[in-house]
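Chemist:
Number of protein chains: 2
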Amino acid sequence: MAEDLTIGKLALRASTKVQTIRFYEQEGLMPPPARTSGGQRRYDKAHADRLAFIRHARELGFPLDAIRELLNLSDDPDQPCARVDSVAREVLADVEAKISRLEALRIELKRMVRQCKHGRVGECRVIRVLADHSHSNCLSHGHD
Amino acid sequence: MAEDLTIGKLALRASTKVQTIRFYEQEGLMPPPARTSGGQRRYDKAHADRLAFIRHARELGFPLDAIRELLNLSDDPDQPCARVDSVAREVLADVEAKISRLEALRIELKRMVRQCKHGRVGECRVIRVLADHSHSNCLSHGHD
DNA sequence: CTACATGCTATAGTGACTGTAGGTTCAAGG
DNA sequence: CCTTGAACCTACAGTCACTATAGCATGTAG
């Protein structure tokens, strides 16, 4: 049906950049589309659906490798969906870990900003807290 | 006092990698240290303090450019600390934005995972939700 | 038929490191 | 004094998911 999508129109529909679509093709996430005699890409609805899947999963924080796996799984609809479930749970756990890490940072940053007396840099609490080697005021220990 | 720190010992103290310290030097965040006749780096306490400052700021989510600015400001202790304060507030705002984005994702992921009936991929809710072009169940609209 | 928007490939840049290759230096033990 | 081997050195590639650029080629509207 809706054939003849140029890469630009497809990008517009999916709210992506043209380069991103070419990048997904290069990464094997999007199948190579038909080409005009002049070599330009022409997409159809199946491509548009697949791109929408990828973008939605990316917005939810799925890494490309996980998306690749989900796309492979969804090509095989009779398999049990345990693996799909576990990929999603991993992403959820990752998101939750990031949230708790950021909450701890937020508390420390808020205290830091609150303590600032707006004087001179020499007495600045913000600088003082950052320079505090002992981390005595610090709640957090993980990484980004 | 505590001179003669090799890059390895400094890395150990600061819980960083050796390469990270060399990277900070290359980026102008750490001043070039003394060298032995054979060309190996030897650090002192001032270096250790500066590295601790950088690491603590990084853990709090300050980007390297912001850290560079804070280090420059702290070299000039008579200046007003308004700029320091505003850099810290920017980082706080950034952290808070990331938290609310992630909270929205968490809600959608949790619902997705909850709806999974552990059947076959063909009927999997997780795949279904991700494929849902309309985003009708989707709370979020921003980027990572 | 001519503009010119859009497309093409290839390559480099982003941020903040991390890892590797291939070689050199240092400190301790024999 | 000499050897061993851990730790050091530089330079560069890789990570992730794009994004941007340069220098052409194509497609379409007027």
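So the protein lines, in turn, are chains A and B.
Quick note: the first sequence uses my numbering, first residue 59, plus one each step.
Quick note: the second sequence uses my numbering, first residue 59, plus one each step.
Cβ coordinates follow ideal geometry from the N, Cα and C atoms, glycine included.
Reducing DSSP to helix, strand and coil, say where LEU188 (chain B) ends up.
Modeler: helix
Chemist: Measure the alpha-carbon distance for MET170 (chain A) versus SER158 (chain B) and round it to whole angstroms.
Modeler: 21 Å
Chemist: Give a yes or no on whether 8 Å exceeds the smallest Cβ distance from SER132 (chain B) to chain A.
Modeler: yes
Chemist: Are the CB atoms of LEU68 (chain B) and HIS114 (chain B) nearer to each other than 8 Å?
Modeler: no
Chemist: On the DSSP bridge list, what partners appear for LEU63 (chain A)?
Modeler: A:TYR101
Chemist: In terms of DSSP beta bridges, what is ALA92 (chain B) paired with?
Modeler: B:ARG100
Chemist: When burial is assigned at 16 or more other CB atoms within 10 Å of the CB, is GLY66 (chain A) buried or exposed?
Modeler: exposed
Chemist: Output the distance between the C-alpha atoms of GLN84 (chain A) and SER132 (chain A), rounded to the nearest integer angstrom.
Modeler: 20 Å
Chemist: With VAL179 (chain A) as the anchor, note down where its alpha helix (DSSP H) starts and where it stops.
Modeler: Premise fails: VAL179 (chain A) is in no alpha helix (DSSP H) and is neither H nor E.
Chemist: Check whether the Cβ atoms of ALA146 (chain A) and VAL179 (chain B) lie closer than 8 Å to each other.
Modeler: no
Chemist: Please state whether the Cβ-Cβ distance between GLN98 (chain A) and THR74 (chain A) is less than 8 Å.
Modeler: no
Chemist: At least one CB of chain B closer than 8 Å to the CB of LEU70 (chain A): is that the case?
Modeler: At least 8 Å separates the CB of LEU70 (chain A) from every CB of chain B.
Chemist: Since ASP152 (chain B) and GLY119 (chain B) are thought to touch, with beta carbons under 8 Å apart, how far apart are those beta carbons, to the nearest angstrom?
Modeler: 7 Å
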